[in-house]
Amino acid sequence: MARAKKNHSMTSEVDMTPMIDMTFQLIAFFMFMLNMKEAEQNEHVQLPDSVLAKPPDAPIENPITMHVSATGDIYIGGAKTSLAGVGPYLNAEANSFQAMDVPLNEVNVIIRGHKDAKTGMVQNLMKVCLDQGYENFLLRAREEMK
Amino acid sequence: MKARGVPKSDDKIPLDMTSMIDIVFQLLAFFILTFKVVSLEGDFDIRMPQASSDGPSIPNPTVPMEIRLVADGNGNLADIRVNDERSFTSFDELHRHVIATVGNEGGPTGEGSSQEATIDAAYNLKWSETIGAITAISGYVVDDSGKKEVVKLIQNVKFKPPTAPPGD
């Protein structure tokens, strides 16, 4: 008995729609989860934990972020500096804020200290800030889940 | 006469999806490779106004609580002394002492006590221990039917000027 032969010239079509849908959803997920505050992170700093460290409800106004590593090195905007180099930087920032009519008591100095950094080193950094006229400090910690 | 160039209604127009899928996969690869899990962070607000600040200052009738943090040779916490009278060995004890002193007057929605605290930490004390002390005196978290609320205690926290490093 003769059987019907398949036509070899026929091309099989794969429905790509679900795959494209899924891929777009994955892209959307990763885009939303993308950390836009990369400038506030530093690979040399591992923050101490605290149950009271809650993310702020509103963006912090007039921030200056500084990092203190476990060895006492200070990082500003990814660049390593010393305690002596912080003063001129803060002075330049103060001039910028004054040009924008922002008084220094409205500037928030965010200090991200490594959990093993010496407290005295962090305090020395705060002292330099105080000497330059900054008086509001935000000591950053990582939220500890209980 | 038959119209030319007009497709029949059941004709499919093939779209070449290859280039779009290529780009989409490149985007996906980029986002996957740059993805970094970041834990949530929060801040402790420390205000240390200068003595020469303009405007009248409001006198605080309460006596500041001075918390001295003593470190051992490795920078770990060795002792906690409050006003040089009481000595504690853990932050839990300090926390209970603060609650007994200032009470829970702040409550979950309150602004905390008007009590002022000054931290006098040893130079070589690990920063995590100092943050632990600030946590112990600043408040605690209560679970209110699944929603976590922070009960504030002492919000006015200051630091004593840094001491010289050991050996100087």
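Protein chains in written order, with my numbering: chain A, 1 to 146; chain B, 1001 to 1168. Every residue gets a Cβ at the ideal spot worked out from N, C-alpha and C, and that includes glycine. Every value quoted in this text rests on a predicted model; they were computed, and no experiment measured them.
- The C-beta distance from B/L1069 to B/I1119 rounds to 7 Å, short enough to fall under 8 Å.
- Along the stretch 1117-1133 of chain B, the positions whose C-beta sits under 8 Å from a C-beta of chain A are A1121, A1122, Y1123, N1124, L1125, K1126, W1127, S1128, E1129, T1130, I1131, G1132, read in chain order.
- When DSSP assignments are scanned along the stretch 89-134 of chain A, the uninterrupted stretches of beta strand (DSSP E) that are 3 or more residues long and fall wholly within it turn out to be 108-113.
- A/T23 belongs to the set of residues whose beta carbon lies under 9 Å from a beta carbon in chain B.
- Taking one beta carbon from each stretch, the stretch 60-77 of chain A and the stretch 21-30 of chain A have fewer than 3 pairs nearer than 8 Å; the two do not touch.
- In the displayed model, B/I1119 falls within a strand according to three-state DSSP.
- Taking a C-beta distance under 9 Å as the contact criterion, A/G133 and A/A94 qualify as a contact pair.
- Distance check between B/Q1155 and each of B/W1127, B/G1075, B/P1064, B/L1033 places B/P1064 closest, using alpha-carbon atoms only.
- When C-beta atoms of the stretch 50-60 of chain A are compared with those of the stretch 1036-1045 of chain B, three or more pairs fall below 8 Å, so the two segments count as touching.
- Per DSSP, reduced to three states, the secondary structure at A/E61 is coil, with no helix or strand assignment.
- In the three-state reduction of the DSSP assignment, B/I1013 falls in the coil class, being assigned neither a helical nor a strand state.
- B/V1157 sits away from B/Y1140, with the two beta carbons spaced by 9 Å or more.
- For A/E43, no alpha helix (DSSP H) segment is defined, and its DSSP state is neither H nor E.
- Contact annotation: B/A1029 and B/A1071 have beta-carbon atoms that are not nearer than 9 Å.
- Not a single CB atom of chain A sits nearer than 9 Å to the CB of B/P1064.
- Rounded to the nearest whole angstrom, the CA to CA distance from B/V1082 to A/D49 is 23 Å.
- Taking 9 Å as the Cβ-Cβ cut-off, the stretch 1011-1044 of chain B approaches chain A at M1017, M1020, I1021, V1024, F1025, L1027, L1028, F1030, F1031, I1032, T1034, F1035, K1036, V1037, V1038, S1039, L1040, E1041, G1042, D1043, F1044, given in chain order.
- In this structure, B/I1067 places its C-beta atom within 9 Å of the C-beta atom of B/I1080.
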